[in-house]
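Visitor: Each residue of the sequence shown is one higher than the one before, counting from 6 in the numbering used here. Just passing along the structure, written as structure tokens.
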Amino acid sequence: MSSSSSSSSMNRLRKRCYCGDPVGRWTSWTPLNPGRRFIGCPNYQNGLKDCKYFRWVDPPLPSQWYADLLLVLHNNVDLENHRIFGEFGQEQPAGNFFGDVVEQPMAQQPIAQQAVEGGRWKSLLYVSVVFFVFLLVMLMDW
């Protein structure tokens, strides 16, 4: 799959969900779809709006091996984040219902930023490995 077809499919995605609100963009970290991006209604769990818009952005991974690798990497980064935030006497930022990290309030960001800078090389390694796996997947399809 070429990058032009991938970018054109991104352009075809809805900007607003059924209830009229802008769609949110998230990454799934479930065992069946690790690292797979999707868009959906930010009011998914809001009983008043009851909007259930959801659509995958990325295709499924070609094999369970890639899914397992991504889950292991994600879990390792998550454990490291727990350790780093614990060293600074902070709780890890709460995740939303999609499993993504929600931004911290402004008053806590300087401490959180110090924690992130302390583990920056590990994050860079994680991103590099994920990019390498993605590249392998793309080359297998080519």
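For each residue, glycine too, the CB sits at the ideal point set by N, CA and C.
Look at the alpha carbon of residue 24 and the alpha carbon of residue 30, and state the distance between them as a whole number of angstroms.
Guide: Taking the first residue of the sequence shown as position 1, residue 24 is located at position 19. Taking the first residue of the sequence shown as position 1, residue 30 is located at position 25. Between residue 24 and residue 30, the C-alpha separation is close to 16 angstroms.
Visitor: Can you find the residues in the same chain that come closer than 8 angstroms, C-beta to C-beta, to residue 82, ignoring five residues on each side of it along the sequence?
Guide: Reading the sequence shown from its first residue, position 77 is the one you call residue 82. Result list for residue 82: 127, 128 and 131, in chain order.
Visitor: Could you check how far apart the C-beta atoms of residue 41 and residue 73 are, in whole angstroms? I think they sit under 8 angstroms.
Guide: Here residue 41 is taken as the residue at index 36 of the sequence shown, counted from 1. Here residue 73 is taken as the residue at index 68 of the sequence shown, counted from 1. So it is not a contact: roughly 14 angstroms between Cβ atoms.
Visitor: Based on Cα-Cα distance, which residue from 89, 58 and 145 lies nearest to residue 20?
Guide: Within the sequence shown, residue 20 is the residue found at index 15, counting from 1. Nearest of 89, 58 and 145 to residue 20, Cα basis: 58.
Visitor: Residues in its own chain within less than 6 angstroms of residue 66 by CB, not counting five upstream and five downstream?
Guide: The residue you call residue 66 lines up with position 61 of the sequence shown. Here the set comprises 72.
Visitor: Just to confirm, is the Cβ distance from residue 75 to residue 138 under 8 angstroms?
Guide: The residue given as residue 75 occupies position 70 in the sequence shown. The residue given as residue 138 occupies position 133 in the sequence shown. A contact, by the Cβ cut-off of 8 angstroms.
Visitor: Quick one: using the 10 Å Cβ neighbour count with 16 as the cut-off for buried, is residue 48 buried or exposed?
Guide: Locating residue 48 in the sequence shown gives position 43, counting from the first residue. Burial call: buried.
Visitor: Here's the rule: buried if 16 or more other CB atoms are within 10 angstroms of the residue's CB, otherwise exposed. What is residue 77?
Guide: On the sequence shown, position 72 is the one that residue 77 refers to. With fewer than 16 other Cβ atoms within 10 Å, it is exposed.
Visitor: Using the three-state DSSP reduction, which class does residue 34 fall into: helix, strand or coil?
Guide: Locating residue 34 in the sequence shown gives position 29, where the first residue counts as 1. Residue 34 falls in the coil class under three-state DSSP.
Visitor: Would you say residue 75 lies against chain C (beta-carbon separation less than 8 angstroms)?
Guide: Given the protein chain composition of this structure (a single chain), no chain C is represented.
Visitor: Grab me the residues of residue 22's own chain with a C-beta within less than 6 angstroms of its C-beta, minus the 5 sequence neighbours each way, in chain order.
Guide: Counting from one through the sequence shown, the residue named residue 22 turns up at place 17. Correct list, in chain order: 28, 46, 56 and 58.
Visitor: In whole angstroms, give me the CA-to-CA distance for residue 37 and residue 69.
Guide: As a working mapping, residue 37 is identified with position 32 in the sequence shown. As a working mapping, residue 69 is identified with position 64 in the sequence shown. Spanning the two alpha carbons is a distance of roughly 8 angstroms.
Visitor: Distance check for residue 79 and residue 133, CA to CA, integer angstroms please.
Guide: Numbered from its first residue, the sequence shown carries residue 133 at position 128. Numbered from its first residue, the sequence shown carries residue 79 at position 74. Using only the alpha carbons, I get a separation of about 13 angstroms.
Visitor: Looking only at its chain, what residues have a beta carbon closer than 6 angstroms to the beta carbon of residue 32, apart from the 5 residues adjacent to it on each side?
Guide: If you number the sequence shown from 1, residue 32 lands on position 27. Hits under 6 angstroms: 42.
Visitor: Let me know the secondary structure DSSP gives residue 25 once reduced to three states.
Guide: Sequence index remark: in the sequence shown, residue 25 carries index 20 (1-based). Coil.
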